[in-house]
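Scroll down for the structure; my scribbles are underneath it.
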Amino acid sequence: MDALSRRKFLIASGVTGATALAAGAGGIALADLLSSAAPEAAATARDILVVVTLYGGNDGLNTVIPYADSAYHSARPELGYEPESVLPIDAELGLNPVLTGLRTLWGDGQLAIVSGVGYPKPDRSHFRSMDIWQTGSPTNPANSGWIGRWLDGIKAPVEAAVSFEPVLPPLLVGRSRIGACVSYRGLRVPDWIDPQVVAALGASHPQESPMRARAAAAYADLIEMARTVRSAQELADPFPADDDLDSLAASATGTGGSGALGTQLGLVARCVTLGVPTRMYSVSLGGFDTHAQERVGQELLLGQLDRALTGFVRAMSASPAGQRVTVVVYSEFGRRVRANASDGTDHGTAGPVLVAGPAVAGGRFGEQPSLADLDDGDLKATVDFRDIFGTLLARVLEAEPARYLDGYEPVELPLLRTERGPASVDHPTD
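Residue numbering for the sequence shown follows my numbering, beginning at 141 and increasing consecutively.
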């Protein structure tokens, strides 16, 4: 996406980051990102956070299912899952039947499920609610993301936080710093065009002007992106093939997000194993606004999430650097408890958040919201999302949570294994 379009997106999202955008930050070529790798340092790299955004409002009650609760079956006589079809994690909750890989991660102690996550005075607008999650500011509108403010605080270089989404999310925009947006799409040329000819356009020549050199570098970066995408897809079988990119991307919703989650996570895996110094990655999957015929659509999307996330965690478990990677999966809100007349669900409030990876202390966290004590038909949140993000800021990014969550003092959750040792507090660089 060109810089002008990215600016329009950020401004429309209410996140301007004027200083950062004016400085032209956020532009980094894939080749430059990969060239920053230090393979010899990969095994001793600092912790890495991967944020997976599910755009559209994922139905948490049909993801982590309260199969033993009669109120669930009463509210969803057609849409709900029968107890014998779910993948139980205990006597109360079970995973959606398509989440077989996540069920394995649960059994391996590499998946944590935080129930009832939301924020005070929930907003059912896609854009406002996603803005709240990404800025970390439920009360007052903010013009920077909580990761962006972390970038400001440590005076980070642009490669410190990278999005492999088609556009840069507000999450990565600070007041003076901004993350990098490197789209996974790369170069796709018709069969009748010789790729070697395109590659030749990326070759530099001593006598060319600076402008031509920059244009040539752009061609070279497209070639490198295409090569890296193919390599990423070969890291693990669960990642989707290149032929599936268009069909997966078609599932995106107008609120943001994209398909090809497996390819995005494959690129993250590639960067981690090479020793790229990025501390935070952002990826996404869209299409979760399931107002009608939900079961078919959500199962398709959850199946993509299951294959991509399971493949990624397995790849990271096999890598020394990957042992220090933590993934958090969230959506802007859950859905209404009662199914609507179209075999779907409408915008709701609280939902589960997933945290996965080799360093995660698996298990259930938070209190499952009651289906008998609702707020105008919606679940009452039992965990503030800032407690999760604050925990990850402290334990993964080695930061002071309140500093980047507008003064909110989070309740730290034991999501990560204690043998990793206490996190040190970050300090701005000069």
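No residue lacks a Cβ here, since even glycine has one placed at the ideal position from N, Cα and C.
Query raised in the report: Who are Cys321's beta bridge partners in DSSP?
Result: Sequence index remark: in the sequence shown, residue 321 carries index 181 (1-based). In DSSP, Cys321 forms a bridge with Ser303.
Query - Own chain residues within Cβ distance below 7 angstroms of Asp263, not counting five before or after - result: Position 123 of the sequence shown, counted from the start, is the residue given in the question as residue 263. Here the set comprises Ser269 and Ile272.
Query raised in the report: Considering only C-alpha positions, which residue in the set Ala296, Gly488 and Gly258 is nearest to Gly506?
Result: Reading the sequence shown from its first residue, position 366 is the one you call residue 506. That would be Gly258, whose Cα lies nearest to the Cα of Gly506.
Requested in this report: Would you list the one or two residues that DSSP bridges to Met420?
Outcome: Translated into positions along the sequence shown, residue 420 becomes position 280. Partner(s): Leu189 and Ala301.
Query - Closest residue to Leu242 among Val465, Leu445, Gln438 and Gly276 (Cα-Cα distance) - result: Start at 1 with the first residue of the sequence shown, and residue 242 comes out as number 102. The residue with the shortest Cα to Cα distance from Leu242 is Leu445.
Query raised in the report: Apart from the five residues just before and just after Asp292, which ones in its own chain have a Cβ nearer than 6 angstroms to its Cβ?
Result: Indexing the sequence shown from 1 puts residue 292 at position 152. Closer than 6 angstroms at Cβ, skipping near neighbours: Gly314, Arg315, Ser316 and Arg317.
Report task. Express the C-alpha separation of Gly197 and His266 in angstroms, rounding to a whole number. Result -> In the sequence shown, counting from the first residue as 1, residue 266 sits at position 126. In the sequence shown, counting from the first residue as 1, residue 197 sits at position 57. Computed Cα separation, rounded: 7 angstroms.
Report task. Give the range of the alpha helix (DSSP H) segment to which Ile287 is assigned. Result -> In the sequence shown, counting from the first residue as 1, residue 287 sits at position 147. Unbroken alpha helix (DSSP H) run through Ile287: Trp286 to Ile294.
Query raised in the report: If we ignore side chains and look at the alpha-carbon of each, how far apart do Asp199 and Gly443 end up?
Result: Numbered from 1 along the sequence shown, position 59 holds the residue referred to as residue 199. Numbered from 1 along the sequence shown, position 303 holds the residue referred to as residue 443. Distance between the alpha carbons of Asp199 and Gly443: 14 angstroms.
Report task. Could you give the DSSP three-state label for Tyr544: helix, strand or coil? Result -> By 1-based counting over the sequence shown, the position of residue 544 is 404. Reduced to three states, the DSSP call for Tyr544 is helix.
**Report entry** DSSP-derived helix/strand/coil call for Ser225
**Finding:** As a working mapping, residue 225 is identified with position 85 in the sequence shown. In this structure, Ser225 counts as helix in the three-state DSSP scheme.
Report task. Entirely within the segment 405-458 and at least 4 residues each: give me those alpha helix (DSSP H) ranges in chain order. Result -> 434-457
Query raised in the report: Ordered along the chain, which non-local residues of its own chain (more than five positions away) have a Cβ less than 8 angstroms from that of Ala215?
Result: Numbered from its first residue, the sequence shown carries residue 215 at position 75. Excluding positions up to five away in sequence, the list reads Val477, Arg478, Ala479 and Leu511.
Report task. Can you grab the Cα-Cα spacing for the pair Ile287 / Tyr544, in whole Å? Result -> If you number the sequence shown from 1, residue 287 lands on position 147. If you number the sequence shown from 1, residue 544 lands on position 404. If you take the alpha carbons of Ile287 and Tyr544, they lie about 8 angstroms apart.
Report task. Just the C-alpha distance for Gln250 and Ser277, rounded to the nearest angstrom, thanks. Result -> The residue given as residue 250 occupies position 110 in the sequence shown. The residue given as residue 277 occupies position 137 in the sequence shown. Straight-line Cα distance between these residues: approximately 29 angstroms.
Query - Backbone secondary structure at Gly234 - three-state DSSP - result: On the sequence shown, position 94 is the one that residue 234 refers to. Strand at Gly234.
Query raised in the report: In terms of residue numbering, what span does the alpha helix (DSSP H) encompassing Gly530 cover?
Result: For the purposes of this step, residue 530 is taken as the residue at position 390 of the sequence shown. That run of the alpha helix (DSSP H) goes Phe525 to Arg535.
Report task. Reducing DSSP to helix, strand and coil, say where Thr574 ends up. Result -> With the chain covering 141 to 570 only, the question about residue 574 has no answer from this structure.
Query raised in the report: Can you tell me whether DSSP reads Tyr207 as helix, strand or coil?
Result: Within the sequence shown, numbered from 1, the residue matching residue 207 stands at position 67. The answer is coil: DSSP assigns Tyr207 none of H, G, I, E or B.
Requested in this report: Take Arg464 as the anchor and find which of Trp246, Leu532 and Asp187 has the nearest alpha-carbon.
Outcome: Counted from its first residue, the sequence shown places residue 464 at position 324. Checking every option, the nearest Cα to that of Arg464 belongs to Asp187.
Report task. Going by CA-CA distance only, name the one from Asp248, Arg419 and Gly426 that's closest to Gly402. Result -> For the purposes of this step, residue 402 is taken as residue 262 along the sequence shown, with counting starting at 1. Nearest of Asp248, Arg419 and Gly426 to Gly402, Cα basis: Gly426.
**Report entry** Residue burial classification, Pro550 (beta-carbon count within 10 angstroms, cutoff 16)
**Finding:** Residue 550 sits at position 410 when you count from the first residue of the sequence shown. When all chains shown are included, Pro550 counts as buried.
Query raised in the report: For Ser153, is the classification buried or exposed, using 16 other Cβ atoms within 10 angstroms of its Cβ as the cut-off for buried?
Result: Residue numbering aside, residue 153 sits at position 13 when the sequence shown is read from its first letter. Its pLDDT being 44, under 50, Ser153 is placed unreliably by the model, and the measurement read from it follows with that caveat. Buried.
Query raised in the report: Hey, quick one: how far does the beta strand (DSSP E) through Phe505 stretch, first residue to last?
Result: As a working mapping, residue 505 is identified with position 365 in the sequence shown. Where Phe505 is concerned, the enclosing beta strand (DSSP E) stretches over Gly503 to Phe505.
Query raised in the report: For Asn236, does the count of other Cβ atoms within 10 angstroms reach 16, so buried, or fall short, so exposed?
Result: On the sequence shown, residue 236 is found 96 positions in, with the first residue counted as 1. Counting Cβ neighbours within 10 Å, Asn236 comes out buried, since at least 16 surround it.
Query raised in the report: Taking Thr203 as the reference, which of Thr430, Val423, Arg289 and Gln404 has the closest Cα?
Result: Here the question's residue 203 lines up with position 63 in the sequence shown. For the residues Thr430, Val423, Arg289 and Gln404, the minimum Cα distance to Thr203 belongs to Thr430.
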